[in-house]
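Shown next, in structure tokens, is the structure this report addresses.
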Amino acid sequence: MKEFISLKIDYAFKLIFGKEGNEAILIAFLNAALKLPQERRIEAITIMNPELNKEYQGDKKSILDVRAETSEGMQINIEIQLSNQYDMEKRSLYYWAEMYSRQIREGMAYKELAKAVTINILDFNYLKQTSNYHNVFHLYEDEEKFQLTDALEMHFMELPKLLAKWRNREISPWENELVRWLLLLEGADNQEILQTLEEIAMKDPVLHQAMTAWEETSDDPRIREAYFDRRKAVLDEKAAIREAELRLKEALEKGRAAGIAAGKAEGKAEVAKKLLDLGFEITKVAEATGLSEKDIRSLKD
527 MKEFISLKID YAFKLIFGKE GNEAILIAFL NAALKLPQER RIEAITIMNP ELNKEYQGDK
587 KSILDVRAET SEGMQINIEI QLSNQYDMEK RSLYYWAEMY SRQIREGMAY KELAKAVTIN
647 ILDFNYLKQT SNYHNVFHLY EDEEKFQLTD ALEMHFMELP KLLAKWRNRE ISPWENELVR
707 WLLLLEGADN QEILQTLEEI AMKDPVLHQA MTAWEETSDD PRIREAYFDR RKAVLDEKAA
767 IREAELRLKE ALEKGRAAGI AAGKAEGKAE VAKKLLDLGF EITKVAEATG LSEKDIRSLK
827 D
């Protein structure tokens with residue numbers, strides 16, 4: 527049985543989807559995700575941040591996203607997250623704003639600004655309002671629901687919801703290209719998925735290219751060493767966030783006997799300390815816990 531590195535780890539994902547030479551793989555994924563009309567499908571793309579090793583070695587906590595620009599100028603950012611840090615919509619909006627504003631040049635008309643798209647691949651359930659695994663957001667008028675502009679587009683792809691639908695045979699990688707590419711991220715942990723994708727790859731040359739690159743990457747000792755280092759850091763962060771959530775829950779339960787407000791304060795302080803220990807910025811900790819930045823600085827001191 528082949529041992530593949532998991533493409534849910536951002537380091538491995540970027541090696542396949544964000545590497546120069548693998549543009550066809552990224553294009554196939556994006557065409558499946560964006561569902562553009564045939565005449566507007568992406569045919570050429572430039573990967574804007576392929577320097578993975580320098581980025582990763584410089585900061586083990588850096589976000590290893592994939593940034594790209596199509597031949598039409600469309601700006602795209604893809605991020606994969608294993609743990610819920612409760613900020614994905616704001617993080618995604620920030621990345622969108624950064625991509626959109628970065629295009630402007632002196633003397634450039636605003637109408638020349640190209641569309642910017644953020645894609646968030648999440649290994650947890652995030653949007654409680656829907657059971658759909660793929661949700662897309664734009665700017666619409668509140669009452670009549672007409673679109674103001676297509677310049678903003680945000681995607682949320684939730685892998686647990688995808689897996690649930692696949693297990694119930696509500697979706698098929700044979701019929702849906704996006705399902706095919708997202709299930710690829712689960713292939714390292716599921717032999718049935720892997721076998722199915724190998725069969726599909728016999729008829730899909732780009733998927734075959736991706737799986738070949740994935741296998742070759744998984745066999746490289748140097749890559750595996752860096753991968754397991756990154757995997758440990760990502761899973762440690764996921765475990766720490768889970769522990770912080772449990773501490774908050776325990777504190778709230780204790781607080782019911784001594785006073786709900788006191789329990790909440792105690793729990794928030796414990797969570798804040800844990801997040802500070804993980805290296806989160808004070809502003810992020812304040813946003814996550816609801817405590818003031820002044821209180822968090824006192825905890826840090």
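Just so we're aligned, residue 527 is where the sequence shown starts under my numbering, counting upward by one. The beta-carbon is built from N, C-alpha and C at its ideal position, and this holds for glycine as well.
For a quick check, are the C-beta atoms of residue i and residue j less than 8 Å apart?
| i | j | result |
| --- | --- | --- |
| Glu725 | Ile719 | no |
| Ser744 | Ile573 | no |
| Asp536 | Leu619 | no |
| Ser609 | Lys764 | yes |
| Tyr612 | Ala814 | yes |
| Met600 | Lys641 | yes |
| Ala559 | His681 | yes |
| Ala739 | Leu733 | no |
| Glu828 | Ile808 | The first residue shown for the chain is 527 and the last is 827, placing residue 828 beyond what the model contains. |
| Glu667 | Leu674 | yes |
Under DSSP, the beta strand (DSSP E) around residue i begins and ends at which residues?
| i | result |
| --- | --- |
| Thr738 | No beta strand (DSSP E) holds Thr738; the alpha helix (DSSP H) holding it covers 731-745. |
| Thr596 | 592-596 |
| Gln607 | 601-607 |
| Leu648 | 642-648 |
| Asn661 | 660-666 |
Please go through the same chain and pick out, in chain order, the residues whose beta-carbon is closer than 8 Å to the beta-carbon of residue i, but skip the five residues on each side of it.
| i | result |
| --- | --- |
| Lys687 | Asn651, Ser657, Asn658, Tyr659 |
| Asn575 | Gly544, Glu581, Asp591, Val592, Arg593 |
| Asp676 | Lys641, His664 |
Can you find the residues in the same chain that come closer than 6 Å, C-beta to C-beta, to residue i, ignoring five residues on each side of it along the sequence?
| i | result |
| --- | --- |
| Ile606 | Asp536, Phe539, Ile647 |
| Leu541 | Thr743 |
| Ile602 | Ala594, Val643 |
| Ala570 | Ser597 |
| Gln705 | Rather than Gln, the amino acid found at residue 705 in this sequence is Val. Closer than 6 Å at Cβ, skipping near neighbours: Ile697, Pro699. |
By how many angstroms is the C-alpha of residue j removed from the C-alpha of residue i?
| i | j | result |
| --- | --- | --- |
| Lys691 | Ile697 | 6 Å |
| Arg693 | Lys654 | 20 Å |
| Lys826 | Tyr636 | 44 Å |
| Glu684 | Pro747 | 31 Å |
| Glu549 | Phe555 | 10 Å |
| Ile822 | Asn557 | 44 Å |
| Ala714 | Asp762 | 20 Å |
| Gly584 | Glu577 | Its pLDDT being 45, under 50, Gly584 is placed unreliably in this model, and the value from its coordinates should be taken loosely. Roughly 11 Å separates the two Cα atoms. |
| Leu689 | Gly633 | 48 Å |
Which stretch, first to last residue, makes up the alpha helix (DSSP H) that contains residue i?
| i | result |
| --- | --- |
| Ile822 | 819-826 |
| Leu685 | 685-693 |
So residue i packs on residue j, CB below 8 Å; how close in whole Å?
| i | j | result |
| --- | --- | --- |
| Gln735 | Ile551 | 6 Å |
| Lys534 | Asp649 | 6 Å |
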